[in-house]
Each structure stands twice: as C-alpha cells, then as structure tokens.
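> Following this message is one structure expressed as structure tokens.
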Amino acid sequence: LCKNYMSDGDITSKVKLHRTKCANIVRNVLAPYFDGDLIFDRRDRKFSLLLEASNDIAINKLLGIVIIYYSDTHKKVVYTYLKGIVDALKIELVKKKLDIKNLLAIGTDNARKLKEVPSLLLSRCVCHSLQLAVSHTCAECLPINLEFLVSETYKWSSHSSTRLYLAIND
Numbered sequence: 020l021c022k023n024y025m026s027d028g029d030i031t032s033k034v035k036l037h038r039t040k041c042a043n044i045v046r047n048v049l050a051p052y053f054d055g056d057l058i059f060d061r062r063d064r065k066f067s068l069l070l071e072a073s074n075d076i077a078i079n080k081l082l083g084i085v086i087i088y089y090s091d092t093h094k095k096v097v098y099t100y101l102k103g104i105v106d107a108l109k110i111e112l113v114k115k116k117l118d119i120k121n122l123l124a125i126g127t128d129n130a131r132k133l134k135e136v137p138s139l140l141l142s143r144c145v146c147h148s149l150q151l152a153v154s155h156t157c158a159e160c161l162p163i164n165l166e167f168l169v170s171e172t173y174k175w176s177s178h179s180s181t182r183l184y185l186a187i188n189d
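Heads up, the sequence shown is in the working numbering, so the first residue is 20 and it goes up one at a time.
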C-alpha cells in the first residue's frame, strides 16, 4: 500500500510492515485520528448501527460494529467501524460521544431491543433468520444427525471442485 501511494520509490521500497508493526500503526496512529474525526463529524446527529458476531481462524469471538450516519464534512452517508463486545457497546458509544437516544436502528443477528430506546428499529439479518428457521423446522421433522449430514455434505463439497465433480458423476 505504501509503495503504491507514496511517490518516493526508493524510501518506500525499503519499508517492510508485517502483522505486528502494521497492527501497532493502525491501533496507535490511525485509530486515534479516525476516532477524533468521527467524534467531530458525527456530533449530535442520528445514526444507525450494524452488529455482526464472528469467529476468526483461531476461534476467537469477534464483534464488528459499524456506525452509519450522514456526514456534513463529506456531504454523504458514511460507514464507520468500531470493535468490541456487546457489553462494551454502551461504553464505546459514550467514548465516541454518541447519545444512545439518537440511535435510530441496529442491524443484528436477532438481538433483543435495548430498554433505553424502546422505539428502536431492529433490522434482523436475513441469513441468520433463514438458518434459524430451517434448523427449527428440521429439528421438528428430521433426526438431528440428518441436518448435520446435510450441512457437512455441503461444506465437504463446496471447497473442492474435484470432490463436487466426483460426487455428481460417480
């Protein structure tokens, strides 16, 4: 990235950033800058949140948080990202000087309403809702091991075109 966007090729060709250095630059330089920019630009405007929990390759639980708001500076709708856990959401909102009463909507994977904002609109994730509906239906009419077999068959064949070809043609 540095080599592509910096004009002095001699200096940037010698720059080597691996995971540790890059993570520290993001955490200690870029994040504080963008936090300040977010606080200034967002002020007392209404905003929406998208929350998505996930596991990384090391099975660590992660929660991605996206703030969506209209920016006066950029004259457009802006998507800004936060990280944290569900219990830290309110703390993060306070740190970012975001009043939870200005929260219009949250996109979640079937989370409950916040009692602080009873009029809050929750947009359910279609993928999670569909998966829950299918699992519930399968649990009522099929043995649990059959649902497991179907999901594992898809996983087994979806990552290998050779396996899929052999399964179809044998």
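Glycine residues also receive a C-beta, built at the ideal position from the N, C-alpha and C atoms.
None of the values given here were measured: they were computed from a predicted structure.
1) Skipping 5 residues on each side, what residues in its chain have a beta carbon closer than 7 Å to that of Phe53?
2) Just the C-alpha distance for Tyr89 and Leu57, rounded to the nearest angstrom, thanks.
3) I'd like to know whether the C-beta atoms of Leu68 and Ile44 end up nearer to each other than 8 Å.
4) Who does Phe66 pair with in a DSSP beta bridge?
5) Are the Cβ atoms of Thr92 and Asp60 separated by less than 8 Å?
6) Taking Asp63 as the reference, give the member of Val113, Trp175, Ser180 with the closest Cα.
7) Using DSSP's beta-bridge definition, name the partner residues of Tyr89.
8) Leaving out the 5 sequence neighbours to the left and right, which residues in its chain are closer than 8 Å to Lys95 when beta-carbon positions are compared?
9) Going by Cα to Cα distance, which pick from Ile163, Leu161, Lys115, Leu123 is closest to Pro51?
10) Evaluate Phe66 with the Cβ neighbour count: other Cβ atoms within 10 Å of its Cβ, from every protein chain shown; 16 or more gives buried, anything less gives exposed.
11) Specify, as a first and last residue, the run of the alpha helix (DSSP H) that Asp54 falls within.
12) Go ahead and pull the three-state DSSP assignment for Lys45.
To lay it out plainly:
1) none
2) 11 Å
3) no
4) Leu122
5) yes
6) Val113
7) Val96
8) Tyr89
9) Lys115
10) buried
11) 50–61
12) Reading off the sequence shown, one finds Val at residue 45, where the question assumed Lys. Looking at Val45 - three-state DSSP - the assignment turns out to be helix.
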